[in-house]
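Peer 1: The following block contains the structure, expressed as structure tokens.
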Amino acid sequence: MSRVHVDEDIRPLSEFRAGVATFVKQIHETRRPMVLTQRGRGVAVLVDVQVYERMQERLEVLEEVYKAEEQIASGAGISHQDAKSWVLSKLSR
Numbered sequence: 100m101s102r103v104h105v106d107e108d109i110r111p112l113s114e115f116r117a118g119v120a121t122f123v124k125q126i127h128e129t130r131r132p133m134v135l136t137q138r139g140r141g142v143a144v145l146v147d148v149q150v151y152e153r154m155q156e157r158l159e160v161l162e163e164v165y166k167a168e169e170q171i172a173s174g175a176g177i178s179h180q181d182a183k184s185w186v187l188s189k190l191s192r
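Heads up: the sequence shown begins at 100 in this note's numbering, then just goes up one per residue.
Shown next as structure tokens:
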């Protein structure tokens with residue numbers, strides 16, 4: 100996801116309400132998130148749907164890596180050779 104441009108991507112909620120279509124178009128075209136504020140404080144972040152889906156996919160992969168690291172740390176892992184043999188057996192089917 101692209102970084103927020105402070106001068107373009109932080110808007111008061113009242114301004115967003117007045118120009119929803121324009122801001123949604125900006126989010127879609129730039130692929131940058133938009134931070135909405137209320138009384139000067141951040142209250143929501145809007146992101147393009149495709150950007151959101153990629154973020155979710157990356158998060159799922161990271162969660163799987165974290166689980167695998169925990170399993171290895173607890174001794175539940177398998178050796179490299181066993182893993183290689185398992186993968187090769189699946190590929191040869």
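For every residue, glycine included, the Cβ atom is placed at its ideal position computed from N, Cα and C.
1. Could you round the C-beta distance between R131 and V103 to whole angstroms and report it? I think they count as a contact, below 8 angstroms.
2. Roughly how many angstroms lie between the CA atoms of L65 and P111, to the nearest whole one?
3. Alpha carbon to alpha carbon, how far is E107 from K124? Give it in angstroms, no decimals.
4. Which parts of the region 124 to 157 are runs of the alpha helix (DSSP H), unbroken and 4 residues or longer, counting only runs that do not cross its ends?
5. Rounded to whole angstroms, what's the CA-CA distance from F122 to D147? Just pull it up for me.
6. May I ask you to report which of helix, strand or coil DSSP gives I177?
7. Our contact map puts M133 next to L145 with C-beta atoms below 8 angstroms; I'd like the distance itself, whole angstroms only.
8. Straight-line CA distance for W185 to K166?
9. Quick one, which of M100, L135 and T129 has its alpha-carbon nearest A117's?
Peer 2: To lay it out plainly:
1. Along the sequence shown, one-based indexing puts residue 131 at 32. Along the sequence shown, one-based indexing puts residue 103 at 4. Confirmed, Cβ separation roughly 6 angstroms.
2. No answer is possible for residue 65: it lies beyond the span of the chain, which begins at 100 and ends at 192.
3. As a position in the sequence shown, residue 124 is number 25, starting the count at 1. As a position in the sequence shown, residue 107 is number 8, starting the count at 1. Approximately 13 angstroms, taken between the alpha carbons.
4. none
5. The residue labelled residue 122 in the question sits at position 23 within the sequence shown. The residue labelled residue 147 in the question sits at position 48 within the sequence shown. Their Cα atoms are separated by approximately 11 angstroms.
6. Taking the first residue of the sequence shown as position 1, residue 177 is located at position 78. Three-state result, I177: coil.
7. What you label residue 133 is simply residue 34 of the sequence shown in a count that begins at 1. What you label residue 145 is simply residue 46 of the sequence shown in a count that begins at 1. Their Cβ separation, rounded to whole angstroms, is 5 angstroms, which keeps M133 and L145 in contact under 8 angstroms.
8. Against the sequence shown, residue 185 aligns to sequence position 86. Against the sequence shown, residue 166 aligns to sequence position 67. Cα-Cα distance, rounded: 20 angstroms.
9. Looking up residue 117 in the sequence shown gives position 18. Per the Cα distances, L135.
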